[in-house]
Amino acid sequence: MHAQISAATYRGLGILWLLLVALPWVMPNSYWLNLATLWLTNLLLIASLNLLMGYSGQISLAHGAFYGIGAYVSGVLSAKYGVSPWVGLPVALVATGIVAFIVGWPTLRLRGHYLAMATLGFNAIASVLFVELRDWTGGPNGLVNIPPYAIFGLKLDSDRAFYFLALVAVGIAMLLLLNLLDSRTGRALRALSTAEVGAECMGVNVHKYKILVFVVSAMLAALAGCLYAHHNAFISPESFDFMSSTMLVVMVALGGTGHWWGAFIGALIYTVLPELLRSFGDLELLVYGVSLVLVLLFFPRGLGGALDLLRERVLRLWGRLRAGKGAP
Amino acid sequence: MIEVRGVSVAFGGLTAVSDLDFAVPAGAIKAVIGPNGAGKTTLFNVISGVQAPTSGRVLLDGEDVTATAAHERVQRGLARTFQNLQVFSGMSVLENVVVGMHTRLKSGVFNALLRLPSGRREEAAARDKARALLGRVGLAAKADFPVSALSFGDLKIVEIARALASEPKVLLLDEPTAGLPAAEAGRVAEVIRAINAEGVTVLLVEHNMRVVMAISHDILVLNFGKRIAEGDPAAVRAHPEVIAAYLGTDADDMATGTAHV
Numbered sequence: 034m035h036a037q038i039s040a041a042t043y044r045g046l047g048i049l050w051l052l053l054v055a056l057p058w059v060m061p062n063s064y065w066l067n068l069a070t071l072w073l074t075n076l077l078l079i080a081s082l083n084l085l086m087g088y089s090g091q092i093s094l095a096h097g098a099f100y101g102i103g104a105y106v107s108g109v110l111s112a113k114y115g116v117s118p119w120v121g122l123p124v125a126l127v128a129t130g131i132v133a134f135i136v137g138w139p140t141l142r143l144r145g146h147y148l149a150m151a152t153l154g155f156n157a158i159a160s161v162l163f164v165e166l167r168d169w170t171g172g173p174n175g176l177v178n179i180p181p182y183a184i185f186g187l188k189l190d191s192d193r194a195f196y197f198l199a200l201v202a203v204g205i206a207m208l209l210l211l212n213l214l215d216s217r218t219g220r221a222l223r224a225l226s227t228a229e230v231g232a233e234c235m236g237v238n239v240h241k242y243k244i245l246v247f248v249v250s251a252m253l254a255a256l257a258g259c260l261y262a263h264h265n266a267f268i269s270p271e272s273f274d275f276m277s278s279t280m281l282v283v284m285v286a287l288g289g290t291g292h293w294w295g296a297f298i299g300a301l302i303y304t305v306l307p308e309l310l311r312s313f314g315d316l317e318l319l320v321y322g323v324s325l326v327l328v329l330l331f332f333p334r335g336l337g338g339a340l341d342l343l344r345e346r347v348l349r350l351w352g353r354l355r356a357g358k359g360a361p
Numbered sequence: 103m104i105e106v107r108g109v110s111v112a113f114g115g116l117t118a119v120s121d122l123d124f125a126v127p128a129g130a131i132k133a134v135i136g137p138n139g140a141g142k143t144t145l146f147n148v149i150s151g152v153q154a155p156t157s158g159r160v161l162l163d164g165e166d167v168t169a170t171a172a173h174e175r176v177q178r179g180l181a182r183t184f185q186n187l188q189v190f191s192g193m194s195v196l197e198n199v200v201v202g203m204h205t206r207l208k209s210g211v212f213n214a215l216l217r218l219p220s221g222r223r224e225e226a227a228a229r230d231k232a233r234a235l236l237g238r239v240g241l242a243a244k245a246d247f248p249v250s251a252l253s254f255g256d257l258k259i260v261e262i263a264r265a266l267a268s269e270p271k272v273l274l275l276d277e278p279t280a281g282l283p284a285a286e287a288g289r290v291a292e293v294i295r296a297i298n299a300e301g302v303t304v305l306l307v308e309h310n311m312r313v314v315m316a317i318s319h320d321i322l323v324l325n326f327g328k329r330i331a332e333g334d335p336a337a338v339r340a341h342p343e344v345i346a347a348y349l350g351t352d353a354d355d356m357a358t359g360t361a362h363v
């Protein structure tokens with residue numbers, strides 16, 4: 034069920050990031066570069082939800098809310114109070130972590146549908162607050178004039194500069210995620226996701242680990258929120274509503290729950306599909322729905338799992354061909 | 103080592119365990135036998151902390167652990183296996199065993215995130231130890247298999263290795279030889295005896311009478327959640343109520359140890 038983390042996974046991540054460093058020279062077009070930046074933040078969102086959902090077996094319909102809390106805390110601090118986004122970043126992460134802890138403590142005692150419903154309720158509350166705390170958030174019209182990140186007074190507001198910032202930030206986050214999965218802690222999480230009673234009886238404090246992974250996952254979403262807010266310079270409540278939380282869950286499933294590379298595929302679909310379907314208007318949702326049903330019907334392990342199957346087949350075919358050549 | 107005092111467990115109107123008292127002295131191998139539904143697994147769940155008793159207390163090493171969480175009991179030296187398996191399905195056999203060492207490993211979440219050398223060393227040592235444990239129970243060749251590739255019988259043995267990985271003082275085995283062919287069952291019995299010889303107290307639920315009679319120092323017989331007999335194998339075998347409870351199994355089968363309940 035869970036793709037094994039190995040040295041090859043680290044190598045794959047390294048190679049991918051080297052290729053991504055070259056991207057601005059291959060695709061100087063700012064439309065594509067902005068799309069790549071969006072893909073990076075979406076990757077962080079989906080991979081962090083995959084940590085919770087795929088590797089730890091806890092469904093959350095509040096990932097969009099944590100994404101939003103990160104974006105709003107850092108955005109409001111910088112736009113309304115002149116706080117540097119670099120200070121806003123750790124404040125947003127810690128604030129989101131604390132909220133996740135308070136939400137997770139009671140709700141993570143629930144399982145399956147009940148956990149989904151409780152987190153859904155929390156997302157609804159957060160959405161209302163984003164709209165109603167008008168003096169801070171700008172209400173339904175959104176928060177404007179969010180300043181970009183700057184280094185030594187140099188604003189990172191060009192597409193290329195921000196792309197590199199996102200590349201570094203998401204790269205570090207993905208590396209931390211990989212480290213976490215490949216450790217005693219990650220093993221405990223994977224254990225409790227498949228056999229909760231078994232994990233508890235092997236000495237894993239199941240409730241503690243569930244809260245831990247909920248908080249870590251929420252903080253990573255908050256990091257994505259900060260990047261988004263200071264890149265876009267504008268945020269509004271509908272980016273963080275129930276619909277966005279649901280879409281993130283869908284993307285984790287499409288990519289493959291508990292599949293490391295599945296999150297990369299999910300993020301790609303989440304980023305590119307709306308662009309492709311823009312001309313279809315409301316049909317977008319229908320296409321999403323139908324494609325999800327089809328993928329999960331034929332590839333229950335998501336597109337990541339489907340690619341694994343394809344690779345196995347190709348390798349087997351290759352082996353047979355070589356064996357055939359060797360024979361007289 | 104383990105003391106159960108006045109433990110009752112009721113699920114609604116059904117009483118699974120009824121005012122039960124017994125003790126497992128340190129260093130013993132004690133078996134709990136009885137027909138299906140006698141309350142054996144419920145009793146294991148109470149001792150391991152998965153199920154809170156309706157009333158009564160559980161003592162581990164003289165200390166009351168009735169209110170102690172299951173994972174903390176592991177820290178204190180209690181480990182168990184499961185009748186219907188609780189293996190971690192996405193992992194290799196080796197990884198399953200390493201999970202058993204959870205309470206004996208130290209590296210926490212920050213160590214993990216930063217991939218510190220101390221954590222990597224601990225990890226490598228844990229894997230070596232898990233491999234050695236699998237060798238001991240005869241599964242070394244399957245260490246790197248995904249658990250989904252193993253038979254039910256092999257998985258029961260994986261659970262024993264995983265429980266041993268927690269360095270227990272008391273080991274609870276829920277039907278350790280279920281699903282195993284006779285030769286394999288004999289080998290598991292030998293492993294249990296060897297574990298016990300190293301000072302681990304063993305409490306087991308088992309239906310294979312040959313195994314029970316061969317390795318137990320002491321047997322507790324339950325029926326409908328109540329004790330009907332307790333004592334050494336010879337005494338239990340001769341007990342009239344035990345023979346009556348095992349209706350359909352005649353006394354000769356009990357005596358020769360071929361009864362399958």
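Protein sequence lines, in the order shown, are assigned to chains A and B.
Each position in the first sequence, counted from 1, maps to that position plus 33 in our numbering.
Each position in the second sequence, counted from 1, maps to that position plus 102 in our numbering.
Backbone N, C-alpha and C define an ideal beta-carbon position, used for all residues, glycine too.
Predicted model only: the values in this text are computed from it and were never measured.
Find the residues of chain B that neighbour residue i, judging by a C-beta separation of less than 8 Å, and give them in chain order.
i	result
Ala221 of chain A	Val201, His204
Go ahead and label residue i buried or exposed: buried means 16 or more other beta carbons lie within 10 angstroms of its beta carbon, across all protein chains shown.
i	result
Val344 of chain B	buried
Asn62 of chain A	exposed
Met34 of chain A	A caution first: Met34 of chain A carries a pLDDT of 44, below 50, which makes its placement in the model too unreliable to give a value.
Tyr105 of chain A	buried
Leu71 of chain A	buried
Val249 of chain A	buried
Gly350 of chain B	Model confidence at Gly350 of chain B stands at a pLDDT of 49, short of 50, so the residue's coordinates are unreliable; what they give is reported in the following sentence. Label assigned to Gly350 of chain B: exposed.
Asn186 of chain B	exposed
Ile184 of chain A	exposed
Leu49 of chain A	exposed
Glu105 of chain B	buried
Trp58 of chain A	exposed
Ser209 of chain B	buried
Ala346 of chain B	exposed
Pop quiz: residue i and residue j are said to be a contact at Cβ under 8 Å. What is the actual Cβ separation, rounded to whole angstroms?
i	j	result
Phe261 of chain B	Val189 of chain B	The sequence shown places Glu at residue 261 of chain B, rather than the Phe named in the question. Indeed they touch by this definition, with Cβ atoms about 7 Å apart.
Val134 of chain B	Val148 of chain B	No, Val134 of chain B and Val148 of chain B are not in contact; Cβ-Cβ is about 12 Å, not under 8 Å.
Val290 of chain B	Ile259 of chain B	7 Å
Val320 of chain A	Leu310 of chain A	6 Å
Ala206 of chain A	Leu141 of chain A	About 23 Å separates the two Cβ atoms, so there is no contact after all.
Phe214 of chain B	Asn212 of chain A	Here the sequence assigns Ala to residue 214 of chain B, which means Phe is not the residue at that position. That belief holds up - the Cβ atoms of Ala214 of chain B and Asn212 of chain A are roughly 6 Å apart, short of 8 Å.
Leu122 of chain A	Cys259 of chain A	5 Å
Ile294 of chain B	Pro278 of chain B	7 Å
Val203 of chain A	Leu77 of chain A	5 Å
Phe163 of chain A	Phe273 of chain A	6 Å
Ala130 of chain B	Leu273 of chain B	That belief does not hold up - the Cβ atoms of Ala130 of chain B and Leu273 of chain B are roughly 11 Å apart, past 8 Å.
Which residues of chain A have a Cβ atom closer than 8 Å to the Cβ of residue i, listed in chain order?
i	result
Phe190 of chain B	Arg223, Ala224, Thr227, Ala228, Gly231, Ala232
Gly221 of chain B	Ser216, Arg217
Arg182 of chain B	Cys234
Ala245 of chain B	None at all; the shortest Cβ gap to chain A is about 14 Å.
For residue i, return the contacting residues in chain A, with the cut-off set at a CB-CB distance below 7 Å.
i	result
Arg217 of chain B	Asn212
Gln177 of chain B	Gly236
Glu197 of chain B	Arg220
Ser268 of chain B	Met235, Gly236
Arg107 of chain B	What Arg107 of chain B touches in chain A: nothing, since even the nearest Cβ is about 22 Å away.
Given that residue i touches chain B, what residues does it touch there, using C-beta distances under 7 Å?
i	result
Met86 of chain A	The premise fails here: Met86 of chain A is roughly 14 Å from chain B at the closest Cβ pair, so nothing lies under 7 Å.
Would you mind telling me which residues of chain B sit closer than 9 Å to residue i, beta carbon to beta carbon, in chain order?
i	result
Gly291 of chain A	Gly192
Applying a beta-carbon distance threshold of less than 9 Å, which residues of chain A neighbour residue i?
i	result
Arg233 of chain B	Per Cβ cutoff of 9 Å: no residues; Arg233 of chain B is ~16 Å from chain A at best.
Leu257 of chain B	None at all; the shortest Cβ gap to chain A is about 11 Å.
Ser209 of chain B	Ser216, Arg217, Thr218
Arg264 of chain B	Gly231, Met235
Note to self: Contact between the region 132-152 of chain B and the region 316-328 of chain B is defined here as three or more beta-carbon pairs at a separation below 8 Å; is this criterion met?
What the structure shows: yes
Next item on the list: Please list the residues of the region 293-317 of chain B that have a C-beta atom closer than 7 Å to any C-beta atom in chain A, keeping them in chain order.
Entry: none
Next item on the list: May I ask you to list, following chain order, the residues of the region 199-214 of chain A that have a beta carbon less than 8 Å from some beta carbon of chain B?
Entry: Leu209, Asn212, Leu213
Check: Of the residues that make up the region 150-174 of chain B, which ones have a beta carbon closer than 9 Å to any beta carbon in chain A?
Finding: Ser150, Gly151, Val152, Ala171, Ala172, His173, Glu174
Next item on the list: Would you check if there are 3 or more beta carbon pairs closer than 8 Å linking the region 164-182 of chain A to the region 278-291 of chain A?
Entry: no
Notebook entry, point to check: Does the pairing of the region 166-186 of chain B with the region 226-245 of chain A give three or more beta-carbon distances under 8 Å?
Noted result: yes
Item checked: Short-range partners of chain B found in the region 241-252 of chain A, where Cβ spacing is below 9 Å -> Against chain B - using a Cβ distance shorter than 9 Å - the residues of the region 241-252 of chain A are Lys241, Leu245, Val249.
Next item on the list: Note down, in chain order, all residues in the region 327-353 of chain B with a beta-carbon under 7 Å from any beta-carbon belonging to chain A.
Entry: none
Check: Three or more beta-carbon pairs under 8 Å between the region 90-103 of chain A and the region 273-282 of chain A, yes or no?
Finding: yes
Check: Can you find at least 3 beta carbon pairs, one from the region 152-166 of chain B and one from the region 191-203 of chain B, that sit closer than 8 Å?
Finding: With fewer than three CB-CB distances shorter than 8 Å, the region 152-166 of chain B does not count as touching the region 191-203 of chain B.
Next item on the list: State whether the region 186-194 of chain A contacts the region 215-223 of chain A, with contact taken as three or more CB pairs (one from each stretch) at a distance under 8 Å.
Entry: no
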